[in-house]
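Visitor: Here it is, the structure in full.
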Amino acid sequence: MTTGMAILVLTAFLASAVEAVEALTVVLAVGITRGWRSSLIGAGTATLALAGVIAALGPALSLMPIDILRVIVGTLLLVFGLQWLRKAILRAGRYKAFRDEVVLYRAELAKAQAAGTTIRAGMDWYAFTLAFKGVFLEGLEVAFIVLAFGTSQGSIPLAALGAGIALVLVVAVAALVHQPLSRVPENTMKFVVGLMLATFGIFWSVEGTGMAWPGADVALLGILAFLTLVSLGLVAVLRRMYERQALIAANAASMGE
Amino acid sequence: MMMYLKNFLLFWYDFIVGDDWMIAAGVVMALVLSAALARRGLNAWWVMLVTVVVMLAASLWRETRRSRSRSSA
């Protein structure tokens with residue numbers, strides 16, 4: 073397996089693991105309050121729908137000329153990856169609250185308990201819809217990454233395999249512990265995925281315009297190292313700004329007393 | 047019908063572009079500039095790299111300012 077392929081599998085794995093943890097919170101809350109049958113059918117249908125999206129769009133994307141594909145896919149991956157990276161930096165720099173799976177789980181639990189029951193054809197459609205929506209919306213980001221990354225790297229099945237392994241792993245752990253996976257370092261994983269997507273996005277979009285990177289494929293490691301250093305530097309700056317801001321606020325509060 | 051179309055487009059806008067459209071706009075501008083330079087035979091691979099760092103830092107700066115004004119309000 074080449075370095076590029078290994079990065080492809082790792083990125084798909086991490087992205088899928090993060091999104092699976094988030095979807096699991098919804099499915100778990102709905103399953104416990106409304107019953108497992110409808111919830112699991114909803115989650116399963118969403119997973120099949122996502123697999124269908126990948127299976128339908130993958131071959132179509134593979135038909136595009138590689139330069140055009142790399143410009144389009146590279147740009148989309150870059151914009152998408154910067155979104156993940158931006159949020160992860162803001163969270164690490166304390167300017168955005170961390171996602172708390174336990175709090176979200178309790179909120180979903182309360183919502184599912186409060187909603188009325190409509191059983192038709194032996195299915196609780198509220199549970200089905202909520203589980204379907206939770207899995208489909210979270211999974212759409214993974215499907216996008218698998219399609220974009222897989223097509224440009226020339227192996228959608230390998231990207232799908234990375235994503236699939238993460239999904240199986242998260243479901244297996246959830247089946248054992250029966251609670252939201254709040255100990256998973258979601259922000260660190262999102263930080264890494266954001267860096268990977270942005271790195272490949274920059275590399276492919278620039279290559280697609282007809283330019284050549286110094287050192288060819290080795291430039292990927294250079295871009296990744298550069299982006300990692302810049303991002304960690306930005307986190308350090310944000311933390312310092314936040315602490316200074318908190319200190320000023322504390323001083324103002326003590327002077328007002 | 048128009049409302050469904052609007053919601054569909056808004057969903058994809060939010061999905062791809064997200065919270066800060068300026069990052070996406072900066073990336074597209076850098077891509078256009080890179081393509082133009084490549085046509086003139088210049089290998090300016092660094093344009094995208096510099097743009098990404100500047101746009102990311104600027105976006106974070108805007109967010110911290112928003113956060114400061116929210117907390118002082």
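As you go down the protein sequences, you meet chains A and W in turn. Heads up: the first sequence begins at 73 in our numbering, then just goes up one per residue. Heads up: the second sequence begins at 47 in our numbering, then just goes up one per residue. Heads up, the beta-carbon is just placed ideally off N, CA and C, and yes, glycines get one too. Just so you know, these numbers come straight off a predicted model, no measurement behind them.
1. Going along chain A, which residues have a C-beta under 8 Å from VAL100 (chain W)?
2. Could you tell me the alpha carbon to alpha carbon distance between LEU162 (chain A) and ALA308 (chain A), rounded to whole angstroms?
3. Using 8 Å for Cβ pairs, my map puts PRO252 (chain A) next to LEU112 (chain A). What's the rounded Cβ distance?
4. On the premise that GLY146 (chain A) lies in contact with ASP289 (chain A), defined as a C-beta separation below 8 Å, what is that separation, rounded to the nearest angstrom?
5. Under a three-way DSSP split, which group does MET313 (chain A) fall into?
6. Tell me which same chain residues have a C-beta within less than 6 Å of the C-beta of ALA246 (chain A), skipping the five on either side of it?
7. Taking 8 Å as the cut-off, does the stretch 303 to 321 of chain A touch the stretch 164 to 175 of chain A (at least 3 CB pairs, one atom from each stretch)?
8. CA-CA distance, ALA101 (chain A) and VAL264 (chain A)?
9. Looking only at DSSP bridge pairs, what is MET195 (chain A) linked to?
10. Just the chain A side, please: which residues come within less than 9 Å of LEU95 (chain W) by C-beta, in chain order?
11. Is there at least one Cβ from chain W nearer than 9 Å to GLY165 (chain A)'s Cβ?
12. Taking CB distances under 9 Å as the criterion, tell me whether PHE89 (chain W) reaches chain A.
13. ARG158 (chain A) versus chain W: which residues are under 9 Å apart at the beta carbon?
14. Exposed or buried, what is GLN185 (chain A) when buried is set at 16 or more other beta-carbons lying within 10 Å of its beta-carbon?
15. Tell me the start and end of each unbroken beta strand (DSSP E) in the stretch 78 to 136 of chain A that is at least 3 residues and wholly inside, in chain order.
16. Using beta-carbon positions only, say whether SER80 (chain W) and SER254 (chain A) come within less than 9 Å of one another.
17. Please go through the same chain and pick out, in chain order, the residues whose beta-carbon is closer than 7 Å to the beta-carbon of ALA270 (chain A), but skip the five residues on each side of it.
18. Let me make sure I understand the geometry here. Which of A:ALA238, A:PHE216, A:SER110 has the alpha-carbon closest to that of ILE228 (chain A)?
19. Relative to the C-alpha of VAL261 (chain A), which residue among A:LEU219, A:VAL93, A:ALA78 is closest?
20. Taking only beta carbons into account, state which residues of the stretch 84 to 117 of chain A come closer than 8 Å to chain W, listed in chain order.
21. Pick out whichever of A:ILE274, A:MET195, A:ALA87, A:TYR314 has its Cα sitting closest to the Cα of ALA169 (chain A).
22. Would you call the CB atoms of VAL256 (chain A) and GLU173 (chain A) closer than 9 Å?
23. For the pair the stretch 65 to 82 of chain W and the stretch 133 to 141 of chain A, tell me if three or more CB-CB distances fall below 8 Å.
24. Compute the distance between the beta-carbons of ALA231 (chain A) and LEU80 (chain A), then report whether it is under 9 Å.
25. In angstroms with no decimal places, state the Cα-to-Cα distance between ARG312 (chain A) and VAL100 (chain W).
26. Which residues of chain A have a Cβ atom closer than 8 Å to the Cβ of ARG114 (chain W), listed in chain order?
27. Tell me, please, whether the CB atom of ILE161 (chain A) is closer than 9 Å to any CB atom in chain W?
28. State yes or no: is the C-beta of PHE272 (chain A) within less than 9 Å of the C-beta of TRP285 (chain A)?
29. For chain A, is any of its Cβ atoms less than 9 Å away from the one on LEU77 (chain W)?
30. With a threshold of 9 Å between beta-carbons, can SER303 (chain A) be considered close to chain W, or not?
31. Do the CB positions of ALA203 (chain A) and GLY124 (chain A) come within less than 9 Å of each other?
Guide: According to the data block:
1. Here residue 100 (chain W) corresponds to residue number 54 of the second sequence, with the count starting at 1. Simply none; closest approach about 10 Å.
2. What you label residue 162 (chain A) is simply residue 90 of the first sequence in a count that begins at 1. What you label residue 308 (chain A) is simply residue 236 of the first sequence in a count that begins at 1. Going from the Cα of LEU162 (chain A) to the Cα of ALA308 (chain A) covers about 11 Å.
3. The residue given as residue 252 (chain A) occupies position 180 in the first sequence. The residue given as residue 112 (chain A) occupies position 40 in the first sequence. Incorrect: roughly 17 Å between the Cβ atoms, too far for contact.
4. Mapped onto the first sequence, residue 289 (chain A) falls at position 217. Mapped onto the first sequence, residue 146 (chain A) falls at position 74. Between the beta-carbon of ASP289 (chain A) and that of GLY146 (chain A) there is about 14 Å, and that puts the pair past the 8 Å contact cut.
5. Against the first sequence, residue 313 (chain A) aligns to sequence position 241. Helix.
6. Your numbering for residue 246 (chain A) matches position 174 in the first sequence. Around ALA246 (chain A): LEU96.
7. Because the criterion of three Cβ pairs below 8 Å is met, the stretch 164 to 175 of chain A and the stretch 303 to 321 of chain A touch.
8. As a first step, residue 101 (chain A) is located in the first sequence; it is residue number 29 there, counting from the start. As a first step, residue 264 (chain A) is located in the first sequence; it is residue number 192 there, counting from the start. Going by the C-alpha atoms only, they are around 28 Å apart.
9. Counted from its first residue, the first sequence places residue 195 (chain A) at position 123. In the DSSP output, where bridge partners are listed per residue, MET195 (chain A) has A:ARG192.
10. As a position in the second sequence, residue 95 (chain W) is number 49, starting the count at 1. Contacts between LEU95 (chain W) and chain A, judged by CB atoms closer than 9 Å, involve ILE274, VAL278, ILE295, PHE298, LEU299 in chain order.
11. Translated into positions along the first sequence, residue 165 (chain A) becomes position 93. For GLY165 (chain A), the answer is yes, since a Cβ of chain W falls inside 9 Å of its Cβ.
12. The residue given as residue 89 (chain W) occupies position 43 in the second sequence. One detail in the question is off: residue 89 (chain W) reads as Asn in this sequence, not Phe. Chain A contact via Cβ: present.
13. Here residue 158 (chain A) corresponds to residue number 86 of the first sequence, with the count starting at 1. The answer, in chain order, is GLY64, ASP65, ASP66, ILE69, LEU102, SER105, LEU106, GLU109.
14. Taking the first residue of the first sequence as position 1, residue 185 (chain A) is located at position 113. GLN185 (chain A) is exposed by the Cβ-count criterion.
15. Residue ranges of uninterrupted beta strand (DSSP E) with 3 or more members are absent from the stretch 78 to 136 of chain A; none lies entirely inside it.
16. Position 34 of the second sequence, counted from the start, is the residue given in the question as residue 80 (chain W). Position 182 of the first sequence, counted from the start, is the residue given in the question as residue 254 (chain A). SER80 (chain W) places its beta carbon 9 Å or farther from that of SER254 (chain A).
17. Within the first sequence, numbered from 1, the residue matching residue 270 (chain A) stands at position 198. Result list for ALA270 (chain A): LEU150, GLY153, LEU154, LEU157, LEU299, in chain order.
18. For this step, residue 228 (chain A) is matched to residue 156 along the first sequence. With distances taken between Cα atoms, ILE228 (chain A) lies closest to A:PHE216.
19. Here residue 261 (chain A) refers to the residue found at position 189 when the first sequence is read from its first residue. Rather than Val, the amino acid found at residue 261 (chain A) in this sequence is Met. The option with the nearest alpha carbon to MET261 (chain A) is A:VAL93.
20. Per Cβ criterion, the list is empty.
21. The residue labelled residue 169 (chain A) in the question sits at position 97 within the first sequence. Residue nearest to ALA169 (chain A) within the set A:ILE274, A:MET195, A:ALA87, A:TYR314 is A:TYR314 (criterion: CA-CA distance).
22. As a first step, residue 256 (chain A) is located in the first sequence; it is residue number 184 there, counting from the start. As a first step, residue 173 (chain A) is located in the first sequence; it is residue number 101 there, counting from the start. Yes, Cβ-Cβ distance for VAL256 (chain A) and GLU173 (chain A) is below 9 Å.
23. Because the criterion of three Cβ pairs below 8 Å is not met, the stretch 65 to 82 of chain W and the stretch 133 to 141 of chain A do not touch.
24. Here residue 231 (chain A) corresponds to residue number 159 of the first sequence, with the count starting at 1. Here residue 80 (chain A) corresponds to residue number 8 of the first sequence, with the count starting at 1. Cβ distance < 9 Å, so ALA231 (chain A) and LEU80 (chain A) count as in contact.
25. Within the first sequence, residue 312 (chain A) is the residue found at index 240, counting from 1. Within the second sequence, residue 100 (chain W) is the residue found at index 54, counting from 1. Take the alpha-carbon of ARG312 (chain A) and the one of VAL100 (chain W): they are about 19 Å apart.
26. Taking the second sequence and counting its residues from 1, the one referred to as residue 114 (chain W) is at position 68. Ordered by position in chain A, the residues that pass the 8 Å Cβ test against ARG114 (chain W) are GLN317.
27. Position 89 of the first sequence, counted from the start, is the residue given in the question as residue 161 (chain A). Between ILE161 (chain A) and chain W, the shortest Cβ-Cβ separation is below 9 Å.
28. By one-based count along the first sequence, residue 272 (chain A) stands at place 200. By one-based count along the first sequence, residue 285 (chain A) stands at place 213. No.
29. Taking the second sequence and counting its residues from 1, one reaches residue 77 (chain W) at position 31. At a cut-off of 9 Å between beta-carbon atoms, LEU77 (chain W) makes contact with chain A.
30. Here residue 303 (chain A) is taken as the residue at index 231 of the first sequence, counted from 1. Yes, because at least one Cβ of chain W sits closer than 9 Å to the Cβ of SER303 (chain A).
31. Looking up residue 203 (chain A) in the first sequence gives position 131. Looking up residue 124 (chain A) in the first sequence gives position 52. In this structure, ALA203 (chain A) sits away from GLY124 (chain A), with a CB-CB distance that is not shorter than 9 Å.
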